[in-house]
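Notes for the one structure printed next.
In structure tokens, the structure reads:
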């Protein structure tokens with residue numbers, strides 16, 4: 508039983524890590540939370556549906572297509588909207604509202620194309636049993652994708668010039684531009700890869716549950732929770748935070764059931780951690796007080 | 446459906462949203478506080494009204510209770526949240542709204558859970574026709590709108606209102622001048638939440654049925670559209686915005702029901718609102734009705750006089 512919850516927690520943590528990597532990195536670079544990340548996740552889920560509707564569609568095709576498709580939409584939204592707004596140093600609240608508005612445009616665009624009804628990938632996942640423990644191919648894929656993202660991003664951020672430049676800009680944009688770092692190029696790359704990962708998270712989420720236009724919105728607040736818990740722009744913090752929230756949610760559900768409370772409160776666990784954290788440690792776990 | 450009832454019904458909703466837009470305008474337009482959880486206070490107002498009426502409280506006391514409970518909640522949320530940066534405040538208030546909704550949804554004993562709760566109309570003993578009962582609600586709602594509008598006009602044009610605007614522009618400067626900024630912000634949050642609670646009570650009284658899915662974060666976003674379209678920092682702008690947005694939204698529902706369109710008018714409406722908001726923020730952030738500068742002539746005369 509406990510082993511099963513640990514596996515479930517790792518799956519949840521992998522999902523949050525993939526979904527929120529771009530959110531935290533672009534938050535760090537462009538200095539505002541992009542609420543449209545919810546819809547980036549949803550768009551990934553529907554692009555996955557588009558691929559899997561084909562007779563020879565396979566989740567291994569769906570993932571890269573969702574990655575590229577969502578990445579391009581994100582870059583497009585940056586160049587058309589947010590680049591101008593950030594350049595004019597628009598009020599932070601207006602930036603957030605614009606990103607929520609963009610989210611509505613994407614969500615209802617999706618609903619217009621694919622409809623509001625609940626759909627599903629209709630894929631069958633092989634279940635491996637180890638005693639009481641159940642693991643599906645999908646879960647293995649999710650955990651593997653999160654591990655791979657972690658390793659690749661770690662190497663990228665520490666070893667490559669570009670990765671170092673990303674950290675430099677997030678730390679001190681003025682100093683970074685003085686030293687000749689091309690800020691625009693790096694911001695666009697981050698918007699592309701971050702949103703691409705969120706698109707992949709959407710495919711995974713949809714494969715594990717169902718496909719609806721609200722899919723992304725339903726996990727937006729946990730995504731914010733891990734972003735803030737890990738410290739904005741801090742990828743390593745995000746890994747830790749995703750694990751913490753994954754475990755808190757999955758073990759929390761068990762205690763909710765034991766206490767005779769509704770499992771609806773599963774979502775409230777993330778919000779509660781988020782609110783308590785914001786009040787006591789607004790800079791995240793790693794940040795100072 | 447009776448076309449007159451349709452218009453009157455839309456006007457009742459406009460009134461309810463005018464209250465929400467006014468309350469957000471006090472918080473954001475005048476004081477610069479980004480409350481992204483407006484729907485939470487609206488929802489609490491609606492539920493408190495439903496519960497109070499069921500306990501047999503007279504409707505005016507129930508409305509007062511809505512405002513009171515919402516404003517206490519506003520204080521409880523804002524005390525810790527206002528120490529946060531704007532982006533954190535936004536995320537916390539959204540999360541708060543969702544927690545409140547989950548509680549009302551999960552706890553059947555409070556007010557019916559997902560099944561919702563019915564509320565008897567206060568006009569039921571008068572045996573009014575449908576048309577007249579909408580008119581009665583219209584009068585009730587606009588009575589409250591007018592009272593709230595006058596109170597907020599007086600408040601925001603008083604020295605108190607000038608402190609709020611100063612906080613919006615530069616809260617550190619205000620605190621250097623010896624004003625307790627947090628104290629002002631909490632008060633604003635309490636007044637704003639009280640108005641939102643009142644609005645929720647009127648909404649529940651008019652609809653006579655509420656359920657948790659009526660209070661999605663979408664409601665908050667709608668109020669923001671109204672405020673930004675109408676023009677923030679200006680109570681008249683908030684009223685204009687509420688009227689326009691509600692009528693556009695009604696219009697699209699008529700299109701959807703009576704005109705065969707190749708696209709879903711509901712989706713097109715949100716796409717349009719989304720694009721509109723982005724365009725307004727990019728090209729006309731002041732909205733339709735601009736905020737009037739404070740006694741600018743007097744200050745300008747003083748400056749030019751001093752220079753010459």
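Residue numbers (my numbering), protein chains in the order written: chain A, 508 to 796; chain B, 446 to 753. For glycine and all other residues, C-beta sits at the position ideal for the given N, C-alpha and C.
For this session: Using the Cα positions of residue 554(A) and residue 710(A), report the straight-line distance between them to the nearest angstrom.
Result: Position 47 of the first chain, counting from 1, holds the residue named residue 554(A). Position 203 of the first chain, counting from 1, holds the residue named residue 710(A). The alpha-carbon atoms of residue 554(A) and residue 710(A) are separated by roughly 8 Å.
For this session: Verify the CB distance criterion: does residue 765(A) have a CB-CB separation below 9 Å to chain B?
Result: Sequence index remark: in the first chain, residue 765(A) carries index 258 (1-based). No, residue 765(A) lies away from the interface with chain B (no Cβ there is under 9 Å from its Cβ).
Exercise. Is residue 634(B) near residue 478(B), with beta carbons less than 9 Å apart?
Worked result: Position 189 of the second chain, counted from the first residue, corresponds to residue 634(B). Position 33 of the second chain, counted from the first residue, corresponds to residue 478(B). The answer is yes: Cβ separation under 9 Å.
Exercise. Do you know how far the Cα of residue 539(A) is from the Cα of residue 705(A)?
Worked result: Locating residue 705(A) in the first chain gives position 198, where the first residue counts as 1. Locating residue 539(A) in the first chain gives position 32, where the first residue counts as 1. A direct Cα-to-Cα measurement between residue 705(A) and residue 539(A) gives close to 17 Å.
For this session: Pull up the DSSP beta-bridge partners for residue 746(A), would you.
Result: Here the question's residue 746(A) lines up with position 239 in the first chain. DSSP lists no bridge partner for residue 746(A).
Exercise. Heavy atom of the ligand ATP less than 8 Å from the Cβ of residue 783(A), yes or no?
Worked result: Annotation note on the ligand ATP: not contained in the displayed structure, which lists no ligands.
For this session: List the residues of chain A whose Cβ lies closer than 8 Å to the Cβ of residue 719(B), in chain order.
Result: As a working note, residue 719(B) is residue 274 in the second chain. Those are 608, 609, 610, 611, 612 and 615, listed as they occur along chain A.
Exercise. Does any C-beta atom of chain A lie closer than 9 Å to the C-beta of residue 727(B)?
Worked result: The residue you call residue 727(B) lines up with position 282 of the second chain. Yes, contact with chain A.
Exercise. Taking the C-alpha atoms as reference points, what is the distance between residue 753(B) and residue 695(A)?
Worked result: As a working note, residue 753(B) is residue 308 in the second chain. As a working note, residue 695(A) is residue 188 in the first chain. Low per-residue confidence applies at residue 753(B): pLDDT is 45, beneath 50, and the placement is therefore not dependable enough to give any value.
Exercise. Between residue 707(A) and chain B, is there a C-beta pair that is closer than 9 Å?
Worked result: On the first chain, position 200 is the one that residue 707(A) refers to. So, not an interface residue.
For this session: Would you mind stating whether residue 531(A) and residue 734(A) have Cβ atoms separated by less than 9 Å?
Result: For this step, residue 531(A) is matched to residue 24 along the first chain. For this step, residue 734(A) is matched to residue 227 along the first chain. It is a contact, given that the beta carbons lie within the stated cut-off.
For this session: Could you tell me whether the Cβ of residue 526(A) comes closer than 9 Å to any Cβ of chain B?
Result: For the purposes of this step, residue 526(A) is identified with residue 19 of the first chain, where counting begins at 1. Judged by the 9 Å Cβ criterion, residue 526(A) is not in contact with chain B.
Problem set entry | Exposure of residue 489(B), with buried meaning 16 or more beta-carbon neighbours within 10 Å | Working through the second chain from its first residue, we reach residue 489(B) at position 44. Under the 10 Å beta carbon count, residue 489(B) is surrounded by 16 or more other beta carbons and is classified as buried.
Exercise. Which partner residues does residue 459(B) have in the DSSP bridge list?
Worked result: Residue numbering aside, residue 459(B) sits at position 14 when the second chain is read from its first letter. BP columns for residue 459(B) are empty, so no partner.
Exercise. Where does residue 567(B) sit, in a helix, a strand or coil, going by DSSP?
Worked result: In the second chain, counting from the first residue as 1, residue 567(B) sits at position 122. Under the three-state reduction of DSSP, residue 567(B) is assigned to coil, being neither helix nor strand.
For this session: Compare the C-beta of residue 753(B) against all C-beta atoms of chain A and say whether one is closer than 9 Å.
Result: Locating residue 753(B) in the second chain gives position 308, counting from the first residue. With a pLDDT of 45 at residue 753(B), under the threshold of 50, the modelled position of that residue is not reliable, and the figure given next carries that caveat. Judged by the 9 Å Cβ criterion, residue 753(B) is not in contact with chain A.
Problem set entry | Backbone secondary structure at residue 630(A) - three-state DSSP | Within the first chain, the letter at position 123 stands for residue 630(A). Here residue 630(A) sits in coil by DSSP.
Exercise. What residues of chain A sit near residue 676(B), judged by a beta carbon separation below 8 Å?
Worked result: Here the question's residue 676(B) lines up with position 231 in the second chain. Chain A residues near residue 676(B): none, gap ~13 Å exceeds 8 Å.
Problem set entry | Assigned secondary structure, residue 642(A) (DSSP; H/G/I helix, E/B strand, else coil) | If you number the first chain from 1, residue 642(A) lands on position 135. Strand at residue 642(A).
Exercise. Residue 738(A) by DSSP, collapsed to three states: which one?
Worked result: Counting from one through the first chain, the residue named residue 738(A) turns up at place 231. Residue state, collapsed to three classes: coil.
Exercise. Is DSSP giving residue 636(A) helix, strand or coil here?
Worked result: The residue you call residue 636(A) lines up with position 129 of the first chain. Of the three classes helix, strand and coil, the one that applies to residue 636(A) here is strand, per DSSP.
Exercise. Along chain A, which residues have their Cβ under 7 Å away from the Cβ of residue 614(B)?
Worked result: Translated into positions along the second chain, residue 614(B) becomes position 169. Listed along the chain, the chain A residues whose CB falls inside 7 Å of the CB of residue 614(B) amount to none; the nearest CB is some 11 Å away.
For this session: Within its chain, find whatever has a CB closer than 7 Å to the CB of residue 761(A); leave out the 5 residues flanking it on each side and keep chain order.
Result: Residue 761(A) sits at position 254 when you count from the first residue of the first chain. The beta carbon of residue 761(A) sits closer than 7 Å to the beta carbons of 512 from its chain, once the five residues preceding and following it are set aside; these are given in chain order.
For this session: Give the residues of chain B in contact with residue 546(A), contact being defined as C-beta atoms less than 7 Å apart.
Result: Here residue 546(A) refers to the residue found at position 39 when the first chain is read from its first residue. The premise fails here: residue 546(A) is roughly 10 Å from chain B at the closest Cβ pair, so nothing lies under 7 Å.
Exercise. Alpha carbon to alpha carbon, what distance is there between residue 567(B) and residue 579(B)?
Worked result: On the second chain, residue 579(B) is found 134 positions in, with the first residue counted as 1. On the second chain, residue 567(B) is found 122 positions in, with the first residue counted as 1. Looking at the two C-alpha atoms, the distance is approximately 12 Å.
For this session: Answer yes or no: do residue 516(B) and residue 630(B) have a C-beta to C-beta separation smaller than 9 Å?
Result: Within the second chain, residue 516(B) is the residue found at index 71, counting from 1. Within the second chain, residue 630(B) is the residue found at index 185, counting from 1. The answer is no: Cβ separation not under 9 Å.
For this session: Could you tell me how far apart the beta carbons of residue 506(B) and residue 643(B) are, in whole angstroms, since I believe they sit closer than 8 Å?
Result: Position 61 of the second chain, counted from the start, is the residue given in the question as residue 506(B). Position 198 of the second chain, counted from the start, is the residue given in the question as residue 643(B). Between residue 643(B) and residue 506(B) the Cβ distance is about 13 Å, and since that is not below 8 Å, they are no contact.
Exercise. Hey, how far is the Cα of residue 632(A) from the Cα of residue 613(A)?
Worked result: Locating residue 632(A) in the first chain gives position 125, where the first residue counts as 1. Locating residue 613(A) in the first chain gives position 106, where the first residue counts as 1. Computed Cα separation, rounded: 30 Å.
Problem set entry | Residue range of the alpha helix (DSSP H) that includes residue 729(B) | By one-based count along the second chain, residue 729(B) stands at place 284. From DSSP, residue 729(B) is part of no alpha helix (DSSP H); its letter is neither H nor E.
Exercise. Using a C-beta to C-beta distance shorter than 8 Å, which residues of chain A count as neighbours of residue 709(B)?
Worked result: Here residue 709(B) is taken as the residue at index 264 of the second chain, counted from 1. Within chain A, the residues near residue 709(B) are 618 and 619.
For this session: Flag residue 548(B) as yes if its beta-carbon sits less than 9 Å from any beta-carbon of chain A, otherwise no.
Result: Locating residue 548(B) in the second chain gives position 103, where the first residue counts as 1. So yes, residue 548(B) belongs to the interface.
Exercise. Since residue 519(A) and residue 722(A) are thought to touch, with beta carbons under 8 Å apart, how far apart are those beta carbons, to the nearest angstrom?
Worked result: Numbered from its first residue, the first chain carries residue 519(A) at position 12. Numbered from its first residue, the first chain carries residue 722(A) at position 215. Actually they are not in contact, since the Cβ atoms of residue 519(A) and residue 722(A) sit about 15 Å apart, beyond 8 Å.
Exercise. Can at least three beta-carbon pairs, one atom from the region 456 to 472 of chain B and one from the region 673 to 688 of chain B, be found at a separation below 8 Å?
Worked result: With a cut-off of 8 Å, the region 673 to 688 of chain B and the region 456 to 472 of chain B count as touching, because enough Cβ pairs lie within range.
For this session: Drop a sphere of 10 angstroms on the beta-carbon of residue 638(B), count the other beta-carbons inside from all chains shown, and report buried for 16 or more, exposed for fewer.
Result: For the purposes of this step, residue 638(B) is identified with residue 193 of the second chain, where counting begins at 1. So residue 638(B) counts as buried.
For this session: Classify residue 655(B) as helix, strand or coil using the three-state DSSP reduction.
Result: In the second chain, counting from the first residue as 1, residue 655(B) sits at position 210. Judged by DSSP in its simplified three-state form, residue 655(B) adopts strand.
Exercise. Who pairs with residue 718(A) in a beta bridge, going by DSSP?
Worked result: Counted from its first residue, the first chain places residue 718(A) at position 211. Per DSSP, 626(A).
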